[in-house]
Every structure is written in structure tokens, then in C-alpha cells.
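A.B. asks:
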Amino acid sequence: MKWVFVIATVFVFALVFYYSVNNEKTRTKKKALSLYRKKRYDKTISLLDDKRVLLGEDFYYSLLIEILVETKDIEKMLQSCKEALDSKIESSMLYNNISYAYFEAEDFDKSLEYADKCIELNDKFAAPYANKGNCYYLLGDLDKALENFDTALSINKELPAALYGKGICLYIRKDYTECEKYLLKYTKINKRSINTFKILGDLYFENRDFSSAAKMYESIISVDSTLPWAYYELGNILFYEGDLFRALTSLDKAIQLDKDCYIAYYYKCRIFSLFRHIDEAFQCLEKAVEGEKYLKLIAFEDNFLNNLKIYSRFRDIVGNRKTDIISELQVTSADD
0 MKWVFVIATV
10 FVFALVFYYS
20 VNNEKTRTKK
30 KALSLYRKKR
40 YDKTISLLDD
50 KRVLLGEDFY
60 YSLLIEILVE
70 TKDIEKMLQS
80 CKEALDSKIE
90 SSMLYNNISY
100 AYFEAEDFDK
110 SLEYADKCIE
120 LNDKFAAPYA
130 NKGNCYYLLG
140 DLDKALENFD
150 TALSINKELP
160 AALYGKGICL
170 YIRKDYTECE
180 KYLLKYTKIN
190 KRSINTFKIL
200 GDLYFENRDF
210 SSAAKMYESI
220 ISVDSTLPWA
230 YYELGNILFY
240 EGDLFRALTS
250 LDKAIQLDKD
260 CYIAYYYKCR
270 IFSLFRHIDE
280 AFQCLEKAVE
290 GEKYLKLIAF
300 EDNFLNNLKI
310 YSRFRDIVGN
320 RKTDIISELQ
330 VTSADD
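Residue numbers for the sequence shown follow numbering that gives the first Met the number 0, so the first one is 0 and each next one is one higher.
1. Distance check for K321 and E69, CA to CA, integer angstroms please.
2. Is it buried or exposed, G241, if we count other Cβ atoms within 10 angstroms and call 16 or more buried?
3. What are the boundary residues of the alpha helix (DSSP H) that includes F248?
4. Using 8 Å as the threshold, is the segment 69-83 in touch with the segment 45-55, meaning 3 or more CB pairs across them?
5. Quick check on the burial criterion: 16 or more other C-beta atoms within 10 angstroms. Buried or exposed for R342?
6. By DSSP, does E89 sit in helix, in strand, or in coil?
7. What did DSSP end up calling F16 once you bin it into helix, strand or coil?
8. Do you know offhand how far C260's Cα is from L233's?
9. For T186, name the three-state secondary structure that DSSP assigns.
10. In this structure, how does DSSP classify I207 when only helix, strand and coil are distinguished?
11. Just verifying my parser: in three-state terms, what is the DSSP assignment at K292?
12. Run through the segment 78-164 for me and flag every whole beta strand (DSSP E) of 3 or more residues, listed as ranges in chain order.
13. Keeping to the same chain, check which residues put their C-beta closer than 7 Å to that of L141; ignore five residues upstream and five downstream.
14. So, under 8 Å CB-CB, N130 and S98 are touching, yes? Tell me the CB distance rounded to an integer number of Å.
15. Please work out which residues of its chain come closer than 8 Å, Cβ to Cβ, to N95, disregarding the five sequence neighbours upstream and downstream, and give them in chain order.
Below is the structure:
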């Protein structure tokens, strides 16, 4: 009976040790992922290095490569991919991250190769299809890009990379209604994507939905309030919406951020022209064309400046004939 007790005791201790190790492993993984989500990358890498044996090579390389992709450390990223592949680890998550790493390194053939390896191991994993979609998009094959984005979305309809990728492909194809749908979904997930807000803002502006366009540019400014172009684009939208005083405020902010923001001066000229503030309008027009000669051609044909065109000063600043302005621009372009 004594030996039975000994075996039972050993078994209990082994079981306790097993659960203890697994609990520590789980806790360490959670801690590493928490640090990663907080963008504390140096601390995450330090933890990965300290607990590498406990965490296992799969988790170690998967998260390490993801961090190096985020930090754009291409050299270390590619070295880590090579080490992971040399370790002969077969893991869908690892292959997916390697695929994304090669995409960031613009090695699209390898990115596609490891996306396919990932799919071989787990064809219900949405991310590698999005990786393939991104590759085909940059390779110029929109049909294959859309096919892969659609597959990704059939698995995970909220996958950000697939929503954005499909939206951009549809934008290029001028399918603006569908494009809007996917990009709007994307902005609900990524509320800091300046490029997405700009595309949507420009789409709304083209469709004369000035209220929605203004909201998109206000979203850009809420993400980064130091962008002069966001303020002058918002000012232009507010001008078309008829909110001229808010437009002036936005244009003044653009100039405050960049005293050489010539397009903002041009948009102010339009507003002052409508207000019949002739001197202020000409001052802004002079400043605008001084920095950007092409604005002369726009001004020459701009009906919003009709209140200025009756004055000889307009012709002195802009020119008398369209052909002369075009010739001047061609000479300027040749000199550049």
C-alpha cells in the first residue's frame, strides 16, 4: 500500500506543477499582450526575452514579429522571420505574421507564399486573406484583391484590414456608393484614420453633401489639429455650405499654422469678394498668386471673383488673357 501512496503523491505533485506552469504561462501571455496593446513595445520585448522558454517559440516569434512590424524595424523584422522559419515552427498565427512582415517589406511574393501556408493550416482564419488582398491591390490586380477581401469578410465581417482594403479597391473602381459603405464601417473601428476621413470627405463634397463632408474634415482635425490643409479644406466646404464666418475662422487657422498657406488666402479672397470687401480680397489674392502661380488661371475663370473682375487691379494681378496666363505657367514650369 505504501507504494500506492507514493505514486499518488507523485501524481498529485506532478498535477500541481503542471497547472502551476500553465497558469504562469497564461498569466505571462496575458501580461505580454497587455503591454503590446498599450504600445509599450520595449517592455514587451524584454518580457518575451525573459520568458521565452516558458512562452514557447510560436508565441515568442509571433508577437515579436508583430511588434517589429508596428515599429517599422524592417531589418530586425526580417531577421526574426528568418529565425522563426529556421525553427521549423508550423503555426497559422506565426505564418500570418510572417506574411504581413513580408508585405511591409514589399516582398509580395513571400507575403503571398506565407499567407497561403497559413490558410493551409487554418482556412477559417480571416487575416491571411486580407494580407493577400493587400498584396494583389499593390500588384494592381483588383479582381484578386477584392476576391480575397470578400473571403476575409465572409469569415470576419468586422476585420478592419479587409473593410479598408475593399473600400479602397471600390474607390479606385469609382463604385462610390459601395466604397462609402465599407469605409464608414472601417471608421467605426479605426477612429483615427485620417486618410479614410479624407476620402469620405472628398466623396461627400463631390456629391454636394457639404454637411457630411464638413464632419469628415472635423474628424481629421480631432485626430490631428496641426494640419493646415485640413483647415483650408474645411473652410472651402463651409464656404459652399454658406457658413462664411465659420469658413473664415477655419481659413485663418490654416494660415496661423502655415503663413505660406496660399490656397487658404485664395479661399479667403473668394469670401471677401462676396462680402464686397474689395481691398481685403485683393490683398488675399496677391498673397495667393505670389506663392502659387497656377491660382491665376483658377482666379481668371472663377465666378466667385466677379466682384473683383471689374477692377483693373484684378487684371494687374492675374492677367488680361487666359492664353497669356497659360504661357506664363508653362515658362514657370520649364524653369522649375
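From the three backbone atoms N, C-alpha and C, an ideal C-beta is built for every residue, glycine too.
Computed from a predicted model, the values in this text were never measured in an experiment.
C.D. replies: The short version:
1. In the sequence shown, the residue the question calls residue 69 occupies position 70. In the sequence shown, the residue the question calls residue 321 occupies position 322. Going from the Cα of E69 to the Cα of K321 covers about 51 Å.
2. Walking along the sequence shown from the start, residue 241 turns up at place 242. Exposed is the call here.
3. Against the sequence shown, residue 248 aligns to sequence position 249. It should be pointed out that residue 248 corresponds to Thr in this sequence rather than to Phe. Element bounds for T248: L243 to L256.
4. no
5. This structure gives no information on residue 342, because the portion of the chain shown stretches from 0 to 335.
6. What you label residue 89 is simply residue 90 of the sequence shown in a count that begins at 1. Three-state DSSP puts E89 in coil, outside helix and strand.
7. Walking along the sequence shown from the start, residue 16 turns up at place 17. At F16, the pLDDT of 38 sits below 50, so the modelled position is not reliable; the number obtained from the coordinates is stated separately. Three-state DSSP puts F16 in a helix.
8. Along the sequence shown, read from residue 1 onward, the residue named residue 260 stands at position 261. Along the sequence shown, read from residue 1 onward, the residue named residue 233 stands at position 234. Roughly 14 Å separates the two Cα atoms.
9. The sequence position of residue 186 within the sequence shown is 187, counting from 1. Here T186 sits in helix by DSSP.
10. On the sequence shown, position 208 is the one that residue 207 refers to. Going by the sequence as given, residue 207 is Arg instead of Ile. In the structure shown, R207 sits in coil (DSSP, three-state: anything other than H, G, I, E or B).
11. Residue mapping note: residue 292 aligns to position 293 of the sequence shown, counting from 1. Three-state DSSP puts K292 in coil, outside helix and strand.
12. none
13. Position 142 of the sequence shown, counting from 1, holds the residue named residue 141. Result list for L141: C168, I171 and R172, in chain order.
14. Numbered from its first residue, the sequence shown carries residue 130 at position 131. Numbered from its first residue, the sequence shown carries residue 98 at position 99. Going by Cβ atoms, the distance from N130 to S98 rounds to 5 Å, so yes, they are a contact pair.
15. Mapped onto the sequence shown, residue 95 falls at position 96. Excluding sequence neighbours, N95 sits near Y113, A114, C117, F124, A126, P127 and N130.
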